[in-house]
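**Q** First, the structure itself, so that you have it in front of you.
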Amino acid sequence: MAVETAERPAAQATQPSAVEDSGRFQRYRIRTGMFAWMMHRLTGVGLVVYLIIHVWGLKSLTDPTAFNALIAKYHAPIYKVGEFGLLVAVVYHAMNGLRIVLIDFLGWSPKQKKLFVVLGIVALVLIAVGGYPSIYSLLAHYGAV
Amino acid sequence: MDLTVKIKRYNPEKDDAPHWESYEVPADPLDSALALLLHVKWHIDGTLSLRKSCAHGICGSDAMQINGENKLACSVLVKDLVDDSGETVTFAPLPSAPVIKDLVIDQSRFFEKYRSVKPWLINDTPEPERERPQSPEEHEIIEDATKCIMCGACTHACPSTWADPDYLGPAAMLKAYRYTFDTRDDGTEERLDIVDSPDGLWKCYTIFNCNQACPKEIDITRWLSALKRRAVTSSASTAA
Chain A
35 MAVETAERPA AQATQPSAVE DSGRFQRYRI RTGMFAWMMH RLTGVGLVVY
85 LIIHVWGLKS LTDPTAFNAL IAKYHAPIYK VGEFGLLVAV VYHAMNGLRI
135 VLIDFLGWSP KQKKLFVVLG IVALVLIAVG GYPSIYSLLA HYGAV
Chain B
807 MDLTVKIKRY NPEKDDAPHW ESYEVPADPL DSALALLLHV KWHIDGTLSL
857 RKSCAHGICG SDAMQINGEN KLACSVLVKD LVDDSGETVT FAPLPSAPVI
907 KDLVIDQSRF FEKYRSVKPW LINDTPEPER ERPQSPEEHE IIEDATKCIM
957 CGACTHACPS TWADPDYLGP AAMLKAYRYT FDTRDDGTEE RLDIVDSPDG
1007 LWKCYTIFNC NQACPKEIDI TRWLSALKRR AVTSSASTAA
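Residue numbers (my numbering), protein chains in the order written: chain A, 35 to 179; chain B, 807 to 1046.
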């Protein structure tokens, strides 16, 4: 029987506290599924930030001069890079979104890795075709083509 | 071969926080990962604490994080661990659970979630004279899900669980699937009331860490998806 004294409280001596090893970020091996999800989250947050900037830019629609000035700015190389990044984010998010829909609605969970590869190839093609104008004008800007 | 075995140690009576310790362990490629830990415990440092019982992948006691991934220590061979990580094998307790000592976690939260989904047959019709029969075809629907040994590898591998300790997690919801899709069970609505919630099905983002971790290779995500579809088509969810 544990005797409680001033020096040694019985509860403490018999029940050392457990250490909590929690938190949303854990070291864990990244496989296809988690990689797909992390990129989905990253592009999703990126697109939300983009939409806020985009809608904020649209407020100049009421003033023709301001609108033209804004559009002129968008021809700068940095916006071409941004345009390409936006395309990558949209295409990835859409293709992985389709993958999740197929998994959740059609029960295609056993094919999730294959889906990631196939839709990834589709995404790469879409990015190559859709991104050609921005990359071309970027190269043209620096005299590379 | 000689392996370096790194173990995340924690003694609540001495340590403020867990720390890594290394041991040199002789091993055969066909040894289980559990054999490495038992070599450390029996021949190097007897103070090492871990849970194990049957050591044959039935009891589900020794789920832990091995080489950065949740596995059942008795069900994984040394040759499959050194293939992809060289001559070092790391052992840590299951992530995002309170650690009691070394590799032993406090499972109370895990089993609370399990109990919360009512993991038993709900059927108020009068008991038949003999058992309630189930055809092989009816059993086929839930067979994969019945293989669960409650080791906790899946739930503690899930980023949704890491971020939200109240998230029911794959293990508990797989049980909900197993009973909801049991043709002898009438508890669909009361069970959906529990899993069709922000801390339930809808925090499953199809990350597939649970499938990857499951030592019984259960396609957990597939059955949770089926449960999601049942939740959106049932009268219980449309009434809410």
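Just so you know, even glycine gets a beta-carbon here, dropped at the ideal spot from N, CA and C. Bear in mind the structure is a predicted one, so any value in this text is a computation, not a measurement.
Thinking just about the alpha-carbon of each residue, which of B:Glu949, B:Pro965, B:Ser1003 and B:Lys919 is nearest to the one in Lys1034 (chain B)?
**A** In the second sequence, the residue the question calls residue 1034 (chain B) occupies position 228. With distances taken between Cα atoms, Lys1034 (chain B) lies closest to B:Ser1003.
**Q** In chain order, what residues of the same chain lie with their CB nearer than 6 Å to the CB of Val37 (chain A), ignoring the 5 residues before and after it?
**A** Within the first sequence, the letter at position 3 stands for residue 37 (chain A). Because the pLDDT at Val37 (chain A) is just 47, under 50, the model does not fix this residue reliably, and the value given afterwards should be weighed accordingly. For Val37 (chain A), where only same-chain residues beyond five positions count, there are no Cβ hits under 6 Å.
**Q** Between the C-alpha atoms of Asn102 (chain A) and Val159 (chain A), what's the straight-line distance to the nearest angstrom?
**A** Walking along the first sequence from the start, residue 102 (chain A) turns up at place 68. Walking along the first sequence from the start, residue 159 (chain A) turns up at place 125. Answer to the nearest angstrom: the Cα atoms are 33 Å apart.
**Q** Does the Cβ of Asp821 (chain B) have 16 or more other Cβ atoms within 10 Å, making it buried, or fewer, making it exposed?
**A** Position 15 of the second sequence, counting from 1, holds the residue named residue 821 (chain B). Per the 10 Å Cβ criterion, exposed.
**Q** Might you give, ordered along the chain, the residues of its own chain that have their beta carbon closer than 8 Å to the beta carbon of Lys107 (chain A), omitting 5 neighbours on each side?
**A** For this step, residue 107 (chain A) is matched to residue 73 along the first sequence. Tyr113, listed in sequence order.
**Q** Please confirm whether Ile105 (chain A) has its beta-carbon closer than 7 Å to some beta-carbon of chain B.
**A** Numbered from its first residue, the first sequence carries residue 105 (chain A) at position 71. Output row for Ile105 (chain A): interface = no.
**Q** What is the DSSP secondary structure of Val782 (chain B), counted as helix, strand or coil?
**A** The structure shown does not extend to residue 782 (chain B), since chain B is modelled only from 807 through 1046, so no value can be given for it.
**Q** Can you give me the start and stop residues for the alpha helix (DSSP H) that Glu918 (chain B) sits inside?
**A** Translated into positions along the second sequence, residue 918 (chain B) becomes position 112. First-last of the alpha helix (DSSP H) with Glu918 (chain B): Ser914 to Ser922.
**Q** Using 7 Å as the limit for Cβ to Cβ distance, is Val905 (chain B) near chain A?
**A** In the second sequence, residue 905 (chain B) corresponds to position 99, counting from 1. Closer than 7 Å to some Cβ of chain A, the Cβ of Val905 (chain B) qualifies, so yes.
**Q** At a CB distance below 7 Å, what residues from the segment 815 to 843 of chain B approach chain A? Give them in sequence order.
**A** Of all residues in the segment 815 to 843 of chain B, Tyr816, Pro818, Glu819, Ala823 and Pro824 have a Cβ within less than 7 Å of some Cβ in chain A.
**Q** Leaving out five residues before and five after Glu1049 (chain B) in sequence, what residues of the same chain have Cβ atoms less than 7 Å from its Cβ?
**A** This structure leaves residue 1049 (chain B) out entirely; chain B is present only between 807 and 1046.
**Q** Counting contacts by CB-CB distance shorter than 7 Å, is Gly80 (chain A) in contact with chain B?
**A** As a working note, residue 80 (chain A) is residue 46 in the first sequence. No, Gly80 (chain A) lies away from the interface with chain B (no Cβ there is under 7 Å from its Cβ).
**Q** Within 10 angstroms of the Cβ of Tyr176 (chain A), are there 16 or more other Cβ atoms? Answer buried if so, exposed if not.
**A** Locating residue 176 (chain A) in the first sequence gives position 142, where the first residue counts as 1. Result: exposed.
**Q** Among all the DSSP beta bridges, which residues are the ones paired with Ala106 (chain A)?
**A** For the purposes of this step, residue 106 (chain A) is taken as residue 72 along the first sequence, with counting starting at 1. In DSSP, Ala106 (chain A) forms no bridge with anything.
**Q** Any residues in the segment 1009 to 1041 of chain B with a beta carbon nearer than 8 Å to a beta carbon of chain A? Which ones, in chain order?
**A** So the close ones are Tyr1011, Thr1012, Ile1013, Phe1014, Asn1015, Asn1017, Gln1018, Asp1025, Thr1027, Arg1028, Ser1031, Ala1032, Lys1034 and Arg1035.
**Q** Can you find a CB in chain B that lies within less than 7 Å of the CB of Tyr170 (chain A)?
**A** For the purposes of this step, residue 170 (chain A) is taken as the residue at position 136 of the first sequence. So, not an interface residue.
**Q** What does a CB cutoff of less than 6 Å around Leu149 (chain A) pick up in its chain, not counting 5 residues either side in sequence?
**A** Counting from 1 along the first sequence, the entry for residue 149 (chain A) is found at position 115. So the qualifying residues of the chain are Arg133.
**Q** Strictly by DSSP, which residues pair up with Met870 (chain B)?
**A** In the second sequence, counting from the first residue as 1, residue 870 (chain B) sits at position 64. According to DSSP, Met870 (chain B) bridges with B:Lys877.
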